[in-house]
Structure formats: C-alpha cells, structure tokens
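Below is one structure, written out as structure tokens, with a few remarks after it.
Residue numbers (my numbering), protein chains in the order written: chain A, 126 to 401; chain B, 15 to 131.
Pasting the structure below:
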C-alpha cells in the first residue's frame with residue numbers, strides 16, 4: 126500500500142504544483158475553474174488513452190516513440206506558457222486599467238485561458254499515464270492486495286491534490302501587486318524547465334547529439350530524485366547533470382520570453398499613450 | 015479490389031521509410047553496446063550486466079509479464095515505461111567505469127546493476 130501511495134503521489138505531485146500555479150495565475154479571470162477543470166479532465170482522459178496504447182507508442186520511431194511524444198507535448202506546453210506571458214505583457218496593463226470593454230477582455234482572457242488549460246492538460250497527461258499504467262497493473266493482478274494498493278493509490282492522489290491547494294493558497298498570500306510579477310517569473314522558469322526536459326528526451330532518443338556533454342554534477346548536493354530536487358525540477362527545471370544543450374536551451378527560452386515581453390509590452394504602452 | 019493496391023502502396027511506403035531510417039542512423043547503432051534484458055515474474059534476467067566504458071549503451075528490455083514495468087535508473091538518468099509483452103529500447107550516453115543500479119519503478123523488488131569497466 127505504501128509503495129502505491131509513494132508512486133502515485135510522486136507523479137501527482139508534479140502535476141499538482143503546475144495546476145496550483147496556473148490557478149494562482151488565473152486568480153481573477155472569470156470562468157477559469159471551468160477551463161482548468163476541463164484541462165485536468167482532458168489530461169486525465171488522454172492519460173488513460175496514452176496508457177492503453179503505450180506499447181504501440183513505444184514501437185514508433187525505432188522504439189523512441191515515447192521519448193519523442195514526451196518531447197513534443199513538452200514543446201507544446203513551452204509555447205503555450207511563453208505565449209501566455211507575452212499576451213499578459215501586452216494586455217495585462219490595459220485590463221488592469223479597465224481601458225478595455227469587459228466583453229473584449231473576457232474574450233481575450235479566455236484565449237489565454239485556453240493556452241493555460243492546454244498546459245494543465247499536458248501536465249496531467251504526462252504524470253497521469255504512468256499512474257494509469259501502474260494502477261491498471263495492480264487491478265490486473267491478484268484481487269487480495271489490489272484493494273490495499275488501490276487505497277494507497279487514492280491516498281497518493283488526495284495528497285497530490287493537497288500539494289496543488291498548498292501551492293495555490295501559498296501564492297495567493299502574495300499581495301496582488303506583486304503576484305503578477307511573481308507568476309510571470311514562475312511561468313517563465315516553468316517554460317524554460319520544460320524546454321530542458323524536452324531536450325533530455327530528444328537526447329535519449331538520439332535525435333539531439335550535439336553539445337551533449339554533462340557540464341556539472343550536483344547530485345551529491347541536491348539529488349534530482351529527492352523531494353527538494355523534484356520540486357525544483359518541476360518548478361525551474363533543475364537537473365543534477367545538465368548537458369550543454371540543456372543550458373543553452375534554458376537560457377534561450379528565458380531570453381526569448383524577456384525580449385518578446387519587452388517588445389509587446391512597450392507596444393501596448395505606446396498605444397495607451399497615443400489613445401490618452 | 016481497392017484494398018490490394020492500397021496495401022501495396024502502404025508496404026512500399028513503409029519499406030521506403032525503413033530504408034531511409036536505416037541509412038539515417040547507422041553510425042550510432044554501430045557504436046552503441048547493446049544489452050539485452052528480459053523481465054519476467056517481477057525479475058530482470060540477467061540482473062547483473064557489464065559494458066565497456068566510454069561507449070554509448072543501448073538497453074533492450076523485453077517485458078514478458080502481463081503488467082507494464084518502468085525501467086528506471088537514477089545514476090543512468092533513464093526512465094521508460096515498457097508495456098506488457100513489448101520490448102523497450104533505452105539509450106544511455108557513454109559512461110565512466112563504475113556500478114550503475116537499475117530497477118523497476120513499479121516494483122521495488124526487481125533490481126539489477128550494470129558494471130562499466
């Protein structure tokens with residue numbers, strides 16, 4: 126039972142952190158629960174489908190189907206997160222200043238919500254497919270221990286949901302003025318971290334072989350599979366043995382986000398000044 | 015009637031893809047040391063394997079059980095789900111000499127180790 130609890134909790138933990146952040150980011154947007162709930166449900170459903178076809182997925186691309194699939198969905202999440210940040214830089218100011226009509230703001234807001242719903246869906250899908258496979262294996266095995274394992278799994282799920290709530294309420298304690306800057310930084314680091322994870326998958330698939338020298342090893346200081354290492358891995362993409370390519374991509378995502386936000390943000394200001 | 019040319023076309027397409035892929039990745043495949051493992055009754059067979067240092071390694075893990083397993087190793091930095099009755103390929107970069115443990119993340123009784131020398 127404890128093993129099941131640990132396995133499920135470990136997977137749900139990462140998704141819980143991401144959902145908590147997204148909930149905090151969208152704190153004041155109307156209908157956000159519908160979108161995020163939809164993202165979680167769609168992710169869970171997709172996780173079951175992916176779990177059911179894991180065997181077939183693995184056989185694609187000369188046995189590297191799983192790796193490339195993971196890299197691809199992480200890539201989608203990176204684009205969505207970056208787009209959200211850039212969009213917020215462009216429209217956040219106008220929305221805050223109530224310069225726009227409410228109807229338009231809601232319509233625009235839901236566009237950004239869609240991007241974040243996709244991110245939530247991707248997070249649940251990635252972590253959920255392993256949980257689904259594990260629990261399916263449990264259900265398929267002998268009935269006696271299955272019940273206690275199912276209880277363990279369910280407890281893990283509840284604890285993971287607790288992580289999500291803790292993240293959310295922790296972030297909501299930040300004063301509204303500082304919240305925007307905080308979540309923007311969190312989302313940017315999340316995106317950069319996901320990009321380096323995507324690089325790791327491409328490296329494992331041998332699709333990316335340049336700059337694959339490990340730059341440092343901090344496993345002795347902060348192991349990636351410990352609780353602190355895992356949290357940092359999800360939040361900022363911490364890895365104890367990064368390759369050169371991972372560091373390059375990390376820096377590139379941070380820089381690209383910064384530049385795009387500066388660019389669109391200043392445009393928005395110019396326009397506001399012109400209108401005023 | 016239509017099914018036959020369609021099948022032929024698909025087979026041809028598959029053959030072309032296959033040849034293209036074989037030509038695309040020859041060097042890596044030659045370099046990598048291949049290690050074959052089977053997984054049955056919740057155990058790796060063999061559980062102790064060895065490989066030369068400074069050469070990439072490619073694990074081929076065949077899961078003969080009716081449940082999915084996850085081939086995982088912290089020191090090798092890999093994790094991969096291998097569905098029931100299928101074979102998973104796990105690529106590992108060139109390694110320094112040492113002992114690297116691997117396990118099934120879904121079943122902590124299944125353990126093994128790779129010795130690189």
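In this text, a Cβ means the ideal position worked out from N, Cα and C, and glycines have one as well.
- In the structure shown, residue 154 of chain A falls within a coil segment according to DSSP collapsed to helix, strand and coil.
- Taking a beta-carbon distance threshold of 8 angstroms, residue 122 of chain B counts as an interface residue toward chain A.
- Of the candidates B/73, B/102 and B/109, the residue whose Cα lies closest to the Cα of residue 50 of chain B is B/73.
- Taking all protein chains in view, the Cβ of residue 87 of chain B is crowded by 16 or more other Cβ atoms within 10 Å, so the residue is classified as buried.
- Within 10 angstroms of the beta-carbon of residue 157 of chain A lie 16 or more other beta-carbons, which makes it buried.
- By the C-beta criterion, the segment 253-260 of chain A is judged not to be in contact with the segment 209-218 of chain A, since fewer than 3 inter-stretch pairs fall below 8 angstroms.
- Secondary structure of residue 83 of chain B (DSSP, three-state): strand.
- Around the beta carbon of residue 105 of chain B, 16 or more other beta carbons lie within 10 angstroms, which makes this residue buried.
- Here the segment 303-310 of chain A does not lie against the segment 169-177 of chain A, with fewer than 3 beta-carbon pairs under 8 angstroms apart.
- In summary, the residues of the segment 237-265 of chain A whose CB is separated from some CB of chain B by less than 9 angstroms are 254, 255, 258, 259, 261, 262, 263 and 265, in the order they occur in the chain.
- The residues 137, 138, 141, 142 and 145, in chain order, have a CB closer than 8 angstroms to that of residue 288 of chain A in the same chain once the five nearest residues on each side in sequence are set aside.
- Contact annotation: in the segment 187-208 of chain A, residues whose CB is within less than 9 angstroms of a CB in chain B are 187, 188, 189, 191 and 192.
- Within the segment 87-110 of chain B, the residues whose Cβ lies closer than 8 angstroms to any Cβ of chain A are, in chain order, 88, 91, 92, 94, 95, 96, 97, 98, 99, 100, 101, 102, 103, 104, 105 and 107.
- Residue state for residue 132 of chain A is assigned as helix, using DSSP reduced to three classes.
- Chain-order list of chain B residues neighbouring residue 179 of chain A: 82, 95 and 97, by C-beta distance under 7 angstroms.
- In terms of beta-carbon proximity, residue 366 of chain A lines the interface with chain B, with at least one pair separated by less than 8 angstroms.
- At a cut-off of 8 angstroms between beta-carbon atoms, residue 128 of chain A makes contact with chain B.
- Using a CB distance below 9 angstroms, the part of the segment 302-335 of chain A facing chain B consists of 325, 328, 329, 330, 331 and 334, ordered along the chain.
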